[in-house]
Amino acid sequence: MKAKIQNILDKISTLIERLSEPNIVSDIKEFTRLSQEHNSLLPVAEKGKEYLNLLEQLDENEEILTGDDEELIELAQEELTDIKADIVKLEEQLKVLLIPKDPDDNKNTILEIRSGTGGDEAALFAGDLYRMYMRYAERRSWKTELLTLNESEGGGIKEAVISMIGTGAFGNLKYESGVHRVQRVPATESSGRLHTSAATVAVLPEAKDVDVSLVDSDLKIDTYRASGAGGQHVNKTESAIRITHLPTGLVVTCQDETSQHKNKDKAMKVLRSRLYEVEQNKINQERASVRKSMVSTGDRSAKIRTYNFPQGRVTDHRINLTLYKLSNIIDGDLAEIIEALQIADLKIKMEEA
Numbered sequence: 391m392k393a394k395i396q397n398i399l400d401k402i403s404t405l406i407e408r409l410s411e412p413n414i415v416s417d418i419k420e421f422t423r424l425s426q427e428h429n430s431l432l433p434v435a436e437k438g439k440e441y442l443n444l445l446e447q448l449d450e451n452e453e454i455l456t457g458d459d460e461e462l463i464e465l466a467q468e469e470l471t472d473i474k475a476d477i478v479k480l481e482e483q484l485k486v487l488l489i490p491k492d493p494d495d496n497k498n499t500i501l502e503i504r505s506g507t508g509g510d511e512a513a514l515f516a517g518d519l520y521r522m523y524m525r526y527a528e529r530r531s532w533k534t535e536l537l538t539l540n541e542s543e544g545g546g547i548k549e550a551v552i553s554m555i556g557t558g559a560f561g562n563l564k565y566e567s568g569v570h571r572v573q574r575v576p577a578t579e580s581s582g583r584l585h586t587s588a589a590t591v592a593v594l595p596e597a598k599d600v601d602v603s604l605v606d607s608d609l610k611i612d613t614y615r616a617s618g619a620g621g622q623h624v625n626k627t628e629s630a631i632r633i634t635h636l637p638t639g640l641v642v643t644c645q646d647e648t649s650q651h652k653n654k655d656k657a658m659k660v661l662r663s664r665l666y667e668v669e670q671n672k673i674n675q676e677r678a679s680v681r682k683s684m685v686s687t688g689d690r691s692a693k694i695r696t697y698n699f700p701q702g703r704v705t706d707h708r709i710n711l712t713l714y715k716l717s718n719i720i721d722g723d724l725a726e727i728i729e730a731l732q733i734a735d736l737k738i739k740m741e742e743a
């Protein structure tokens, strides 16, 4: 622990020196990156200095105990108990602070919702999830942009892709990836029989040009006439965009805007994020052998949560958390669930560390 703290203090000194260099000051991008790194280390440095001071006090008091001044020895023994207790407390705090932060946590996010098994009822549930996450974004004062919306004839949603822009967007929503299951009696069910259906959620960190390099020769871009509602303009102009990333086979479409240029921009945003996720998944799979939980693996095939309407119950299966607050949760009050998932993930990382 002592060596780790000293390394961080040395790194902060190096960063301060670099931030004062003229070539760094004139490079806004590099200056911002180094400033963010410096600021991220400050909480550890502050606690670390306290910890090193306590270790010095411990050494001094233990040295006094080897002397022959009885009065000083008595004082040193009294202080030792408090010093050791403070050291243990600080070590626990430092363990949390020293856990590597996910560099994607503060990124904006791309949230994808798709109806799964269950026909019209699954599409209606996907619509409920869409509204739930939009309400959650409102509560967090995030900006949202609808990138794709494919509605079903029964009033639900087949697919929705939303960009969520705000501090900690990905860090808060990354635990939502997976299969969400609903249990309720559909309005069309005359016998009152309980139905189970599902929708999938994928949460991607929004990737920038610096995160993913796209080569034009790797892209196949097709234009076509958008289908569905939209009036004469949509039917007469080829404003819809389909982008195929040839090396991976990933396909992204966008037809919500009347402008071909805007549809292309939106499609490229989603493509970058999906490609970034592919690369991150490779890294995560390499680490998977030492992970003890699926809390943050983002496995889309895993059933992560059940929303039981008759009982007003929501259960997150990864951490065995059950809350009888379904109406609040479906209205976007996800704070308690997300905080519990973050704590569970932190505990796992502390055990690994």
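So the sequence shown is numbered by our numbering: it starts at 391 and just counts up by one. Virtual Cβ for every residue (Gly too), placed ideally from N, Cα, C.
Buried or exposed by the 16-neighbour rule on C-beta atoms within 10 Å, applied to residue i
{"i": "L536", "result": "exposed"}
{"i": "V415", "result": "exposed"}
{"i": "A475", "result": "exposed"}
{"i": "R570", "result": "As written in the sequence, residue 570 is His, which differs from the Arg given in the question. Flag for H570 reads buried."}
{"i": "H623", "result": "Low confidence applies here, because H623 scores a pLDDT of 41, under 50, leaving its location unreliable; read the following figure in that light. By the neighbour-count rule (16 or more Cβ atoms within 10 Å), H623 is not buried but exposed."}
{"i": "R423", "result": "exposed"}
{"i": "I631", "result": "buried"}
{"i": "P700", "result": "exposed"}
{"i": "T373", "result": "For the chain, the structure presents residues 391 to 743; residue 373 sits outside this window and is missing."}
{"i": "Q467", "result": "exposed"}
{"i": "P493", "result": "exposed"}
{"i": "V478", "result": "exposed"}
{"i": "Y714", "result": "exposed"}
{"i": "R583", "result": "exposed"}
{"i": "L462", "result": "exposed"}
{"i": "E566", "result": "buried"}
{"i": "S607", "result": "exposed"}
{"i": "G545", "result": "exposed"}
{"i": "D449", "result": "exposed"}
{"i": "L594", "result": "buried"}
{"i": "V704", "result": "buried"}
{"i": "M522", "result": "buried"}
{"i": "S603", "result": "exposed"}
{"i": "R615", "result": "exposed"}
{"i": "N397", "result": "exposed"}
{"i": "V605", "result": "exposed"}
Residue i Cβ short of 8 Å to the ligand FAD heavy atom set
{"i": "T634", "result": "Absence of the ligand FAD from the depicted structure is noted, as is the absence of any ligand whatsoever, leaving it without description."}
In DSSP terms, what residue i is bridged to
{"i": "Y614", "result": "A630"}
{"i": "T534", "result": "M554"}
{"i": "S587", "result": "V572"}
{"i": "N540", "result": "E549"}
{"i": "V704", "result": "Y697, L713"}
{"i": "L604", "result": "None; L604 has no bridge partner."}
{"i": "L609", "result": "H635"}
{"i": "A592", "result": "E502"}
DSSP-derived helix/strand/coil call for residue i
{"i": "Y714", "result": "coil"}
{"i": "R662", "result": "helix"}
{"i": "G688", "result": "At G688, the pLDDT of 44 sits below 50, so the modelled position is not reliable; the number obtained from the coordinates is stated separately. It is coil, neither helix nor strand."}
{"i": "A559", "result": "helix"}
{"i": "I402", "result": "helix"}
{"i": "I709", "result": "coil"}
{"i": "V569", "result": "strand"}
{"i": "A577", "result": "coil"}
{"i": "A597", "result": "coil"}
{"i": "L409", "result": "helix"}
{"i": "V668", "result": "helix"}
{"i": "D721", "result": "coil"}
{"i": "Q396", "result": "helix"}
Range covered by the alpha helix (DSSP H) that runs through residue i
{"i": "G517", "result": "509-529"}
{"i": "G736", "result": "Note that residue 736 is Leu in the sequence shown here, rather than Gly. Counting along the chain, the alpha helix (DSSP H) containing L736 begins and ends at 725-742."}
{"i": "P412", "result": "412-415"}
Opening and closing residue of the beta strand (DSSP E) in which residue i lies
{"i": "V642", "result": "640-644"}
{"i": "T648", "result": "T648 -> no beta strand (DSSP E), and no H or E assigned at all."}
{"i": "K693", "result": "693-698"}
C-beta neighbour in chain C for residue i, strict 9 Å
{"i": "E481", "result": "No chain C appears in the structure shown, which is made up of a single protein chain."}
Which runs of the alpha helix (DSSP H) spanning at least 4 residues fall entirely within the segment 421-507, listed in chain order? 460-487
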